[in-house]
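Trainee:
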């Protein structure tokens, strides 16, 4: 997500800090712009992968990773998820 990247870059350049300092200071603060941008990113990832509201996204992605690795090991094709067409 370009907006997140741009926000982090601009903030770190302005404050002369690194990414670890940025995340240590703001990530767990729900009102921070960084937390809001990550929430938007989480929503986009869930939409892209078809993760339902009642599913744990981390568990879903870990299981998907294992499935992809197994398919690669077996020489089977791996087809990436895609977003639904824009109407």
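In this note's numbering, the protein residues as written are 170 to 256.
All residues carry an ideal CB built from backbone N, CA and C; glycine is no exception.
These figures come from a predicted structure and were not determined experimentally.
By alpha-carbon positions, which one of 198, 203 and 230 ends up nearest to residue 180?
Mentor: The shortest Cα separation from residue 180 among 198, 203 and 230 belongs to 203.
Trainee: Please name the residue in 200, 215 and 210 whose C-alpha comes closest to that of residue 173.
Mentor: Answer by Cα proximity: 210.
Trainee: Tell me the rounded alpha-carbon separation between residue 187 and residue 196.
Mentor: Their backbone Cα atoms lie some 14 Å apart in a straight line.
Trainee: Between residue 205 and chain B, is any beta-carbon pair separated by less than 8 Å?
Mentor: Chain labels in this structure do not include chain B; a single protein chain is all it has.
Trainee: Classify residue 220 as buried or exposed, calling it buried when 16 or more other Cβ atoms lie within 10 Å of its own Cβ.
Mentor: Classification for residue 220: buried.
Trainee: Do residue 206 and residue 176 have their CB atoms nearer than 8 Å?
Mentor: Contact flag set, yes.
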